[in-house]
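2 protein chains.
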Amino acid sequence: MDQRVLVASNRGPVSYQFGADGSLTGSRGGGGMIAGVTDGLAALGPETSVTWICAALSDADRTVARSHENSLRDEAGIPVRMLDIAPGTFDRAYNNVANSALWFLLHQLFDTPSQPRFGREFRRDWESYLAYNEAFADALTEETLTGATLSSVADPRVLVQDYHLCLTPRLLRDRLGEAVRDIGIGHFCHTPWAPPDYYRMLPDEVARALLDGILGADRAGFHAQRWATAFMDCCAAVLGADVSRTGLAGPGPGPAGRVTYRGHVTEVAVHPLGVDAPALRERGRAGDVRAHVSALRRAAGDRKLIVRVDRTELSKNIVRGLEAYRELLATRPQWRGRVVHLAFAYPSRSALAEYRAYTDQVRELARQINGEFRTEDWDPLILEVKDDYPRSLAAYALADVLLVNPIKDGMNLVAQEGMVLTERGCALVLSREAGAAATLAADALLVNPYDVSETAEALHRALTMTDAERQRRSAALAATAAADPPARWLGGQLASLGS
Amino acid sequence: MDQRVLVASNRGPVSYQFGADGSLTGSRGGGGMIAGVTDGLAALGPETSVTWICAALSDADRTVARSHENSLRDEAGIPVRMLDIAPGTFDRAYNNVANSALWFLLHQLFDTPSQPRFGREFRRDWESYLAYNEAFADALTEETLTGATLSSVADPRVLVQDYHLCLTPRLLRDRLGEAVRDIGIGHFCHTPWAPPDYYRMLPDEVARALLDGILGADRAGFHAQRWATAFMDCCAAVLGADVSRTGLAGPGPGPAGRVTYRGHVTEVAVHPLGVDAPALRERGRAGDVRAHVSALRRAAGDRKLIVRVDRTELSKNIVRGLEAYRELLATRPQWRGRVVHLAFAYPSRSALAEYRAYTDQVRELARQINGEFRTEDWDPLILEVKDDYPRSLAAYALADVLLVNPIKDGMNLVAQEGMVLTERGCALVLSREAGAAATLAADALLVNPYDVSETAEALHRALTMTDAERQRRSAALAATAAADPPARWLGGQLASLGS
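Chains as they are written, first to last, in this note's numbering: chain A, 1314 to 1812; chain B, 1314 to 1812.
Given below as C-alpha cells:
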C-alpha cells in the first residue's frame, strides 16, 4: 500500500516573485528547515505520496495560490498547497506572534523591563495566530479525509513544523474526530524551548493553548534533549499534565518522555538534524565556490582565518562574538597581523526595529575594531552583510577556526556544515547554548555565550591547536554532523508515527 | 551568658552627610533591609551585644570612619564599624558587580541580546567584589575573635546580609579555621534567586564562587520558598552539590532543604519579612501623615484611588503598570472621571543610564495618559517623583486599590505596609512574581506582571469589589503581613544558628 505524508509549515519549498513585467517566477524556499524536510522527503522513494501545505508569504505567492490552488509543485515535483491567508491575519500571526513574541520567548531574547507587554493589541494578534493555525488545520483535515477515501493509500502521517504552527495539531485532532485514530500526527519544533520560569511570561491562556496545541500530536520532536525537557517541564508546571521522563542514553536521537493530557498520550522525542555530507561536499566542489575560495585565500594571505556565518539575528550573538575578537587582539598581541576574522552577517528580519538597531551595532563595532588595530597591510576584520551562499561554503573550506556562539539556538547548521566542508581541519568554538552542543560537545571548544573573555580565550586556544589535534577533532565533528542527515531525521519521525 | 550578634551589610544603620560648612551630620540609613534588621535587633534586649559592620558609602562616611573607627553608634546606640574601602574598589564592587550584574541577574532584567557582556572589565570589577568581601571577612574575623576572648560572652552569631556579600561567609569560614566550630554564620538574601538556566549566564568561575561563598554559611535564608528552591537548584546544577529538599508545609517560615558541599552542610530556610504593624500604625497617626491624608483626599475628591509606591527601579515594572491603567480607561470607560491613579515613583540609581532612560519613559507615558483622557475637571494620573515617606503612608491610608506588579521582587514591603495602613479596606493587585505573593496569595488579586490586559482586568475587578469583600480580604492580608514582623524574622534566624 502506498504511503501518504502531509507536511505543514509556514514557509514552503517554493516561493514566487513578480518580475518587472508582472510575470511570476518561482524559486526554492530558503532556510534550514526547508532544506531538511525537502532532503528528507527526497529519500522516501516513489511509493510515498506527499503534499506540502504552506502559507502564501507575499502578493506573488497569493496570486499563484489563487490561480493554481491544486496544481502547484515544487522543484522536486512535490505537490504544494499554498494557503491564501488574508494579509493582515498573516502579518499579525507571523510577525507579531510567531517572530516577535514566540521567537523572543523561546530564545529568551526579551529586554524584560520593557518587553513583552501583553495588552489588547497582543490579544488581537493572538486571534490572528489562531485563525492562521485554523487555516492549516482546515487544509490538513481536507487532505487527510480525501486521502482516506483511496483504498490503495495508507492512512496519512502528518508532519507539522515549528513554532508558527503550535495550535495546529490540536485543531486537526479536534476536526478529525473519530478518524484521528488511524492517522499519525507529529509536531517538530526547530527552536529551543524555554524553561517554565521564563515560559510563564506569556499570558496564562496563551501559555496553556500553545502546550495543549502541540499535545494534540502523537509525537512532539525537538533537536536536543534540553529543549524536550524544558517542554515537558512546562507541560507539568503550566498544564498540570502527567509527565514521565524516560531520558536519553546519549546525545543522538531517541525518546525523551511522554506527556498525558486530556486523555491523550504524546511521546516526546529528540531528533537532531545534521547535514547531508556527500551532497554538501559535492556542492563545495562547484565552480562558484572554488572561485570564492581563491578570492578569500588571496584576501587573507597566509594569515589564520576565524570565520562566522550567521543571519543578523539577535539570538546569534554577533556583537559579543566581535567583542571576543577584539579582546583576543588586545590581550594576545601575538595575533595582530597574523589572523583575519571573516564575519558574514546576512540581513534578517529588517522589518523589525530591534534587528535594524542590532545591524547598526554590528557595523559600528566592526568599524571600531578595524580602527583600533588596522595597520597599513592588515585589515583585522572583514564584515560582509550581503548574503552569498557559495562564498559562505568557501569560507567554511578555508576556516582555521569557526565561531558559532548563539545565545540560544535550536540546533545550528553552520557548525555542522563548517566541519563537513573544512579542507585542512577547522577548530570549532561553539556556544553551549546551541542544541548542536549536545552532539558536538566532545570535540568542540564549548563557551558560555555571555562570557566574552572565555570566548576570546577559546579563540586563542583554537588558533594555537596543533594541526594534528585540529584535524582529529574536526574529523570527529564532521562524522557526528553527518550521522543524522535529513533522511534519517525525517525517517525517524515517520517511523515513530507508524506505517 | 550574654549573647553576641554581628551583622554585616553593605549599607549600615547610619550614614553621614557634609553640611554646607563642612560639618558632619548623621542620619538613619534607608531601605527595607535596614529597617528589618534594626527593628529585629531592637527586640533582642540588653543581654545581647551587637556590632554592625557596614561599608562607608560616601566621602562623608569615610571621613567619619577614619576618625571614629571604634566608637560609632547608630541612633539606637548599636556600635557600628564602618569599613573604609578604597572608593574605586567600592564603586566597582557595588555599582558594577552587585547593582549591575548581580541585581540584573537575580531579577532577570537583562536585555540579553546586548547585556551582560562578561569581558576583561568585568574581571577587574570581580576582583574588586572579592576585595570588598574580604574587607568584611577581615573585620568579622577580628570582631569574632575579639569577642571570643571574653568568657562572659557567648560565641557570636554572624548575620551576613544580601547579594553584596555572597563571598563573605566562605571567606570568614576559611579565616576562622578551627574556631569556626563554635560560631554560627548565617547569610540572608533579600532578592529573588534565579533558576539555573538564567543563573548560568554568569562566567563559570563567578557562578561557582557566589554559590560556594554562601555555602560557607551554616544557614542560608530567603524570603520565599521559590528563591530557596532556585538557589538549591543552582547548587546542584552548577556545583554538583548534594541537595536535599525538605519542602515547606505552608507559605510561612520554615526549613526548605540542605546543601552539602566541600564537607560542610548548609541549611536552607525561608524567613519571610513582614512589618511591625503596631509601630507602622502609630507612625500613620502622626501629624505629617494626617496632613497629607487631607491634601490627597482634597485632590482626589470622591473618586476611587489606585495607588502605587515604588522606587523607579527596572524590576518594579512601573511602565506596564501605567499601560494597564491606560487599558483600564480605554476598555472600561465607566471609570473615566471616577478614578485617580496616584503613582509615586521615587528616584533610584540615577547613576545608571538604564535607570535614567526608564524614568524618562515613565514620565512620557504618564504625560500621554493624561493627554489622552484628561478632562476639564479630571486628571486621571498624578505622578510624583519626589520621595516623601509621610505622603506614601497617607496614600496607603486612602487607597481603594494598591497596585504592586514587579517583574521579580525578593519580598515586597509596599504590599504589606499598604494592607496594614488602609483605613477603609484596600484591594491588592499583586504580581505573582513577588516573594510576598507566597504569603498573600489567598486574598490578593494575583497577576502575571507581563500581562497588561490581565492587570487592567484585575484593577477593574478590584474597583468593583463590594465594600464587604474588600474589607474582609484587606483585613486578612493585614493579619498575614503582621504575622512575620522583623523581631520574628531576625529571631528565627538567630534561633536556627544556636545559642
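We treat Cβ as the ideally placed atom computed from N, Cα and C, and that holds for glycine.
Quantities reported herein were computed from a predicted structural model and do not represent experimental measurements.
For this session: List the residues of chain A that residue 1407 of chain B touches, going by C-beta distances under 8 Å, in chain order.
Result: Here the premise fails: no neighbours, minimum Cβ distance about 21 Å.
Exercise. In the DSSP assignment, what residue or residues form a beta bridge with residue 1517 of chain B?
Worked result: Residue pairing by DSSP places residue 1517 of chain B in no beta bridge whatsoever.
Exercise. Just to confirm, are residue 1356 of chain B and residue 1738 of chain B a CB contact at a threshold of 8 Å?
Worked result: no
For this session: Kindly indicate which residue of A/1339, A/1362 and A/1443 has the alpha-carbon position closest to the one of residue 1374 of chain A.
Result: A/1339
Problem set entry | Partners in chain A for residue 1421 of chain B, counting only beta-carbon separations shorter than 9 Å | 1425, 1510 and 1511
Exercise. Of the residues B/1619, B/1692 and B/1761, which one's Cα is nearest the Cα of residue 1708 of chain B?
Worked result: B/1619
Exercise. How is the alpha helix (DSSP H) around residue 1674 of chain B delimited, first residue to last?
Worked result: 1666-1686
For this session: Starting from residue 1730 of chain A, trace the alpha helix (DSSP H) both ways and give me its first and last residue.
Result: In this chain, the alpha helix (DSSP H) harbouring residue 1730 of chain A covers 1726-1734.
Problem set entry | Near-chain A residues of the stretch 1630-1652 of chain B (beta-carbon distance less than 9 Å), N- to C-terminal order | Within the stretch 1630-1652 of chain B, the qualifying residues are 1630, 1632, 1633, 1636, 1637, 1639, 1640, 1643 and 1644.
Exercise. Okay, do the stretch 1759-1776 of chain B and the stretch 1627-1637 of chain B touch, 3+ Cβ pairs below 8 Å being the bar?
Worked result: yes
Problem set entry | Three-state class that DSSP yields for residue 1316 of chain A in the structure shown | In the structure shown, residue 1316 of chain A adopts extended strand secondary structure according to DSSP, grouped into three states.
Exercise. Got a sec? Which residues, its chain only, sit under 8 Å from residue 1687 of chain A by beta carbon, not counting five neighbours each side?
Worked result: 1693
Exercise. Got a sec, what are the start and stop residues for the beta strand (DSSP E) residue 1758 of chain A sits in?
Worked result: Looking at the DSSP string, the run of the beta strand (DSSP E) that includes residue 1758 of chain A is 1758-1760.
Problem set entry | N-terminal and C-terminal residue of the beta strand (DSSP E) that residue 1364 of chain B is part of | 1361-1368
For this session: Using 10 angstroms around the beta-carbon of residue 1387 of chain B, count the other beta-carbons present and answer buried if the total reaches 16, otherwise exposed.
Result: So residue 1387 of chain B counts as buried.
Exercise. Contact between the stretch 1739-1748 of chain B and the stretch 1769-1778 of chain B: three or more CB pairs below 8 Å?
Worked result: yes
Problem set entry | For residue 1602 of chain A, three-class secondary structure by DSSP | helix
Exercise. Would a C-beta distance cut-off of 8 Å place residue 1456 of chain B and residue 1364 of chain B closer than the cut-off?
Worked result: yes
Exercise. Three or more C-beta pairs closer than 8 Å, one from the stretch 1529-1542 of chain A and one from the stretch 1619-1628 of chain A: is that the case here?
Worked result: no
For this session: Please list the partners that residue 1516 of chain A has in chain B, where partner means a Cβ-to-Cβ separation under 9 Å.
Result: 1761, 1763, 1764, 1766 and 1767
Problem set entry | Within chain A, the residues that residue 1521 of chain B reaches when beta carbons sit closer than 8 Å | Residues of chain A passing the Cβ test: none, with the nearest at roughly 12 Å.
Exercise. Residue 1691 of chain A bridges to which residues according to DSSP?
Worked result: A/1688
Exercise. Does any residue of chain B bring its CB to less than 8 Å from the CB of residue 1436 of chain A?
Worked result: Cβ-Cβ to chain B under 8 Å: yes for residue 1436 of chain A.
Exercise. Interface residues of chain B around residue 1627 of chain A at Cβ under 7 Å?
Worked result: For a Cβ distance threshold of 7 Å, residue set 1426 of chain B lies close to residue 1627 of chain A, ordered along the chain.
For this session: Give the DSSP bridge partners of residue 1296 of chain A, in chain order.
Result: The displayed coordinates of chain A run from 1314 to 1812. Any statement about residue 1296 of chain A would go beyond what the structure contains.
Problem set entry | With 16 other Cβ atoms within 10 Å as the buried cut-off, status of residue 1746 of chain B | buried
For this session: Taking C-beta pairs closer than 9 Å, name the residues in chain A that residue 1669 of chain B reaches, listed in chain order.
Result: Those within 9 Å of residue 1669 of chain B in chain A number zero; the least Cβ separation is about 13 Å.
Problem set entry | Local conformation of residue 1617 of chain B per DSSP, three classes | Residue 1617 of chain B: strand per DSSP, three-state reduction.
Exercise. What in chain A is Cβ-close to residue 1432 of chain B, meaning under 7 Å?
Worked result: 1636, 1640, 1765 and 1766
Exercise. Thinking C-alpha only, which one of B/1727, B/1322 and B/1697 is nearest residue 1449 of chain B?
Worked result: Closest by alpha carbon: B/1322.
Exercise. Residues in its own chain within less than 6 Å of residue 1715 of chain B by CB, not counting five upstream and five downstream?
Worked result: 1620, 1731, 1739 and 1741
Exercise. Hey, out of B/1563, B/1545 and B/1566, whose CA is closest to residue 1556 of chain B's CA?
Worked result: B/1545
Exercise. Under the rule that 16 or more other beta-carbon atoms within 10 Å means buried, what is residue 1495 of chain A, buried or exposed?
Worked result: That one is exposed.
For this session: Please decide whether residue 1682 of chain A counts as near chain B, where near means a Cβ-Cβ distance under 8 Å.
Result: no
For this session: Report the option in B/1329, B/1413 and B/1358 whose CA atom is closest to the CA atom of residue 1664 of chain B.
Result: B/1413
Problem set entry | Spatially closest choice to residue 1696 of chain B from B/1674, B/1794 and B/1468, by CA coordinates | Relative to the Cα of residue 1696 of chain B, the nearest Cα in the group B/1674, B/1794 and B/1468 belongs to B/1674.
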